[in-house]
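Count along the sequence shown from 1, add 479, and you get the number used in the working numbering.
The C-beta atom is built at its ideal place from N, Cα and C for all residues, glycine as well.
All values reported here derive from a predicted model rather than from experimental measurement.
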Amino acid sequence: MKNTISLNGLWNMHWCDIGEGTPMSAALLPALPYTVPGDVHTPLIEAGLIKEPLEGLNSLDCRWVEEKEFWCERRFTLTEAQLAPRMLLTFEGLDTTADVYLNGQLLGSHNNAFVEIAWDAADLLRAGENTLLVRIDQGLKEAQTHELERMDMMWNNDQPWRSWMRKPQYVYGWDWTIWLATCGIWRDVHLTAVHDAAITDLYARHGETPEEGKPCRVLITTESIADKAGCTLHLTIADKSGTVVAEKRMPLAAGVQDAELTVPEAHLWWCNGMGEAYLYTVTAAAEDAQGTVLDQNVQKLGLRTIALIEPELPNDETGFTFVLNGEKVFCKGANHVPCDCLPGRITPEKERALIAIAKDEYMNMLRVWGGGVYASETLMEACDESGIMVWHDFLYACGYHPDHDPGFMANVTEEARKGIRRLRRHASLIGWSGNNEIQEMYGSQKAWNPDLPWYGGTIYEKLLPGLVEEMCPTLVYRQSSPFGGEKQADCRHGDQHIWILTHVDSHPHYLDLWRFTEFGVKFLSEFGLMGAMPMETALSCIPAEHMHPDDPVWLHHTNSCQDHTLLDRMKRLYFGDSEHSPQQYILRSQAIQSEITRHIYEEFRRQKFTCSGLLFWTLSDSYGVHNWSLVDYALRCKPVYYALKQAMAPLALCIRGWDVHNDEGRFTWREHWQKEPGKLEIWGMNDTLADEAAQLEWVLMTTRGDVLKTGTQAVQLPRNGSAHLCDVALEGIGFDPAKTVFRARLLAGGKVINETRYFFAPFAEMIAEDAKVEIACTDLQDGRCEVTLTADRFIWMAHLAEPGSARCNDNDFELWPGESRTVIVTGAAADYTPQLHWMGKEN
C-alpha cells in the first residue's frame, strides 16, 4: 500500500545574508509564516517588508532579497503506522540552490529549479515530531564560482551568469518583463510511504498508425517498486464514458515492464477545430494476491500521430507543415510564457483560464518558450482536453551554456530526462525544440567573431535529440526555433522569428508593420506587435498621476528591458504627433496591434500551406505591462484577441486590396483611389475536414450607411484549404476613401459565422468623433447584464470598459449604421453602468 502525505501549507521562513546561516542558527533569524508552494517575496509582501513588486517602481526596491538565503522550516508528526520501509520525500520544485535537512541531518542538495528531486528518507524519519529544513537561494552565488569565458557575449546578458543557472531565465528581465529574481519552494512537497508496491511511472502510446474506428494496439510501459511477492499489474483502458475497452493482467515486477493492449475501435485525438480531442483513461494498478489495490497510476491517452514535413516548393524553398493523423494542420496560436513574474504565484486556476481563452480563440497550438519553465500538469491537461497542440522548447533561451563542464552536463541531462518523462504522456505534446534562438544568435555573432566557441552545441545537437529518440521517438525534434537553412530564420526554409521591423531601427521599413506579410515565411513561430493593456489593468499598477508615456513609472510598465519608447513611436507613426489622453493613447495603440495582427493572420492563412502556421508573441503577460500579449496580466482580453477570434475562426474570410497602411500607401492613398481604384479580392479559408457550403455577403458603404455597391452569392470552401471566392470591381463608383468601408460576411444556416472589413484610408482618417450611440442595459437577474449598442454611423473598435471583475463576452468590435450589437457582461457590480469608448470618443 502507498500513502502520500502532503507537506504543503504553512511553513516558517527565516533569512540572512547568503553564506551566513547554519541549521543551528536558522531558528534565531527573523521569521515569517511562509505558504508552500510559493516564493520568498510573497511572505515579505504580506508582512509589509516590501511593497507589491508588480506595482509602480516597487520591483526596483526588492533587489536586496536576491542577496539573501532563506531557511524554510516545517514540523510534522508521523505515527508508527505511517512509517514504511520506503519513505520518499519529493520536492517538485526548488528554486534554485538548495540544501535539505531532515531531523538535523543533511538529506541532500539540489541546484535545478525545473525538475523534481526525491530522496528515500526512511532512515531519518521517526514516529512523533519531525523537522524538515530547507536552505535556499536564487542560485547566483553558486553560478558566480564558475568561469564565464565568452558566454557573456550572448543576447540579453544583463545577468551573464544565468548561463550556468538552471532557473527560469526570464526573471532577470526580457523585452517583455521586468527583473524580479526570486527563490523558494515553488511547487508541491510530499512524503510517500511505500509498504509493498508502487507504480512510479506510466506511459501509454499507440503501436501502428491508429485509424478512426479500427483496432489499435496500445503500448504501455510502467515502472514499479515491487517489495512484495505475488502481486499483479492490472492494466485497463476505458473510453470517455468509463467503459473498459481493453484489459490485461500480468505479474508485477520491479523496474520497467512493457505490455500491449488492443482498443477495438479507436477514436483519434484531434486538435481544436479539426475534430474531437478524444481521450481514453489508462489505469495501471498494483494488486496483491487478494485483489487489494496497493497503488495505481491513472492517466489520459490520446491516440494520434504527428509528423513534420518539409516539402519542396518553387524557388528552391521548402515548406514546414505539421501533419496530425495524416492531415496537414495550419497552426494558429501563440507563444506561452509564465503568467507571473513570481513563478510560485502561478495558480492552476489562472492557467486553466488561459487555456480556455486560447480554445475560445480557436487556437490549436501553443509554443512553450524556452526562457520560462516546463509546462505544469495543469496546463498540459487543459491542452489535452482542449485540443491545443504544444510545441515545447527545452529551457534554453538566447544564451550560451557550458557544455564543456561535466557537472553542468550531468545536471541538464537529468533535467531533460525528468522533463521528458513527465510530459511525454500528454496527447497535446507534439514536439520539442532544443532552444529559443540560440543557433540564430550564434550565427549572427560568429559572422564578426569567427573563433567564438559553439557553447551549448553538444546539448542541442547530441544530448537532447538522443533523449527524445530514446524516450518519445514519435515526437518531432528541432535543434532550435527558429531553425532551417544556411541562415537561421531564413524565410525560405524552416520556421521563422520575425522581429526586424520592430527591433532594428536601421531597417528601411522599420515600424512599417503592414509589411509583415511581405516576408515569405513558411511557419512564423514567433512574431509580435505591441499594444497597451486596458485602462483598468493599467490603473492597478500605474498611479493615475503617472499615466503618461514619458513618465518613469509608465515606462517601467512598457516593454521593459529593450526599448521603452517603441509603443509611443508606433502610436505617433500611425496616429500623428499630437498629444492624446491616456485612454486615447491606450485605445489607439491597441488598434494598431489589433489591425495589423489580424491582417497578418488573414493573409498567411490565405496562403496555406505555403505558410503553415502563425504563433503570436505572446498569449499573456507576467505583470501589468503595455506589451505584446493578447491577454493582460488581469486576464482582460485586449482588442487584438477579439480581432484574432475572427481571423482564426475555422471558416474565415480575407479581403485583399491595395496596401493603404504601409509606408507608401499612407501618403498616396487619395491619389491612388482617384487614379486606379482597381478591385478587391475575397478569399475564404476552411480548417475543418469537410467541404463547407456558405453564403457570402459583401457591401461597400459610406460610414453614414449609404450603400454604394452590394453582392451575395453561394460559395464552397474546400476542406482544409483556401479558395478565391470572388472579385469586387471598384471602378466608376467615385467614393470618398476616408468615408467608405467595405464589409464581407460569411453566413451558414442564416447566421453570421465570420466577418471582416477593409479600410480605404489610413487609421488616423477613420476616427468617428461625431457618432451617436444608444446604450441600453438590462439586468438579467442572474449576475449578468445585457448591453445593447446602436450607432448612427460606422464606429471602429467600440470598447466596453470592464471595471473590477466585470468581463464582456464580446468587445472591441465595429458598430455598423442602424445595426444593434448585444453584449453579455458577467461579474459586474450591482451599480454597473456601461461605459463605451471608441476610436474618436476615448474619454
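Looking at C-alpha atoms only, which residue of the options is the closest neighbour of residue i?
| i | options | result |
| --- | --- | --- |
| V742 | V808, H713, W543, V724 | V724 |
| K727 | R831, N804, H713, N1141 | H713 |
| T656 | Q648, G663, C662 | Q648 |
| V697 | L681, P822, I704, L1066 | L681 |
| Y853 | H871, A1173, I699 | H871 |
| T1189 | L1196, S1284, L1179 | L1179 |
| E755 | P1031, I664, S865, P790 | S865 |
| L942 | D882, T1089, T771 | D882 |
| L1175 | K1158, S504, C1205 | C1205 |
| K1400 | Q617, L670, I1212, R957 | With the chain covering only 480 through 1322, there is no way to say anything about residue 1400. |
| E1298 | E1253, G1228, G878 | E1253 |
| T1235 | E949, W665, E1293, G1144 | E1293 |
| F1239 | S1201, L780, W1137 | W1137 |
| S923 | M888, D969, T892 | D969 |
| A705 | R565, L782, D984 | R565 |
| E1248 | A1255, A1277, L1226 | A1277 |
| C662 | W927, K547, P929, R846 | K547 |
| V544 | I529, M859, E534 | I529 |
| I904 | Y1121, G1319, T700, L507 | Reading off the sequence, residue 904 comes out as Arg, not Ile. Comparing Cα-Cα distances from R904 to each of Y1121, G1319, T700, L507, the minimum goes to T700. |
| R1198 | F809, E1265, D1111, Y879 | F809 |
For residue i, count the other beta carbons within 10 Å of its own beta carbon; 16 or more makes it buried, fewer makes it exposed. Which is it?
| i | result |
| --- | --- |
| T826 | exposed |
| T575 | buried |
| Q1072 | buried |
| A1169 | exposed |
| S463 | What the structure shows of the chain is the stretch from 480 to 1322, and residue 463 is not part of that stretch, so it cannot be assessed. |
| H493 | buried |
| T1097 | buried |
| H520 | buried |
| Q1192 | exposed |
| N1233 | buried |
| S1284 | exposed |
| G1228 | exposed |
| K1104 | The amino acid occupying residue 1104 in the given sequence is Val; Lys does not appear at that position. So V1104 counts as buried. |
| F1146 | exposed |
| N635 | buried |
| V1220 | buried |
| T715 | buried |
Counting only C-beta atoms, is residue i closer than 8 Å to chain B at any point?
| i | result |
| --- | --- |
| K811 | You won't find chain B in this structure, because it holds only one protein chain. |
Counting along the chain, where does the beta strand (DSSP E) carrying residue i start and finish?
| i | result |
| --- | --- |
| K838 | First-last for K838: 827–839, but that is the alpha helix (DSSP H), not the beta strand (DSSP E). |
| K811 | 810–815 |
| Q736 | 734–742 |
| Y759 | 759–766 |
| M492 | 488–496 |
| W658 | 656–658 |
| E1265 | 1263–1270 |
Pop quiz: residue i and residue j are said to be a contact at Cβ under 8 Å. What is the actual Cβ separation, rounded to whole angstroms?
| i | j | result |
| --- | --- | --- |
| E552 | L612 | 5 Å |
| L1130 | E1171 | 6 Å |
| S907 | V869 | 5 Å |
| A765 | D774 | 5 Å |
| A1017 | M1026 | 7 Å |
| E806 | M753 | 7 Å |
| A660 | Q617 | 5 Å |
| S1101 | P817 | 6 Å |
| D518 | W665 | 6 Å |
| G686 | E744 | At roughly 15 Å, the Cβ-Cβ gap does not stay under 8 Å, so G686 and E744 are not in contact. |
| S960 | Y939 | Wrong, their Cβ atoms sit about 11 Å apart, outside the cutoff. |
| W550 | R605 | About 22 Å; that fails the 8 Å criterion. |
| R1272 | G1184 | 7 Å |
| Q967 | Q918 | 5 Å |
Tell me which residue opens and which closes the alpha helix (DSSP H) that residue i is part of.
| i | result |
| --- | --- |
| K646 | From DSSP, K646 is part of no alpha helix (DSSP H); its letter is neither H nor E. |
| V1032 | 1031–1035 |
| I785 | Premise fails: I785 lies in the beta strand (DSSP E), 785–788, not in any alpha helix (DSSP H). |
| Q1069 | 1061–1085 |
| H520 | 520–525 |
| I979 | 979–982 |
Secondary structure, beta strand (DSSP E): runs of 3+ residues fully inside the segment 1166–1197:
The DSSP assignment places complete beta strand (DSSP E) segments of no fewer than 3 residues inside the segment 1166–1197 at 1171–1181, 1186–1196, in order along the chain.
3-residue-minimum beta strand (DSSP E) runs that sit fully inside the segment 871–931, ordered along the chain
List check, beta strand (DSSP E) in window: 908–912.
What runs of the beta strand (DSSP E), each 3 residues or longer, lie entirely inside the segment 574–638?
Entirely contained in the segment 574–638, the beta strand (DSSP E) runs reaching 3 residues are, in chain order, 576–581, 584–590, 596–599, 607–616.
Completely contained beta strand (DSSP E) runs for the segment 1090–1115, where each covers 3 or more residues
With a minimum length of 3 residues, the continuous beta strand (DSSP E) runs that stay inside the segment 1090–1115 are 1092–1095.
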